[in-house]
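Novice:
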Amino acid sequence: MKAAVTLKKNHEFRRLYRKGASAVSGSMVLYCRKNRLGHNRLGITVSVKLGNAVKRNRARRRLREVYRLNSPRLSQGWDLVLVARGRTPDASWKELNDSFLRLSRKLGLLGDKP
């Protein structure tokens, strides 16, 4: 993923938490907010409470891949933050994918594409 399409700065995350819309599932939390760019930006957060570095990195990789595979279906011009929860590293791939799509649909992020 290119650096231009990720959220890195603390103030960007805080703005999204404070002013963005959110949706929750058992394996992740999705925050979103419109941006003035023509493309989506993604940020991923994994708490130290989730486990050691291996588990945290596994959770990050899985969330990043879920986003990557479903990004063509998403509307453009949004800032997104995915927050890993306790079940993220061990959840099945189908559960993560379905959860992401359900949360995206709930927040109105899915475009017209199938």
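Numbering-wise (this note's numbering), the sequence shown opens with residue 22 and increments by one.
Don't be surprised by glycine CBs; every beta carbon is placed ideally from N, CA and C.
None of these values were measured; they are calculated from a predicted model.
#1: Is Thr109 buried or exposed, if buried means 16 or more other CB atoms sit within 10 Å of its CB?
#2: Nearest CA to the CA of Val69: which residue from Asn78, Arg36, Glu86?
#3: With a CB to CB cut of under 7 Å and the five nearest residues on each side skipped, what residues in its chain are close to Tyr38?
#4: When the Cα of Gly59 is compared with those of Leu95, Arg82, Ser125, Ala42, which residue comes out closest?
#5: Can you say whether Asp100 is buried or exposed, counting buried as having 16 or more other CB atoms within 10 angstroms of its CB?
Specialist: Reading it off the structure:
#1: buried
#2: Asn78
#3: Tyr52
#4: Leu95
#5: buried
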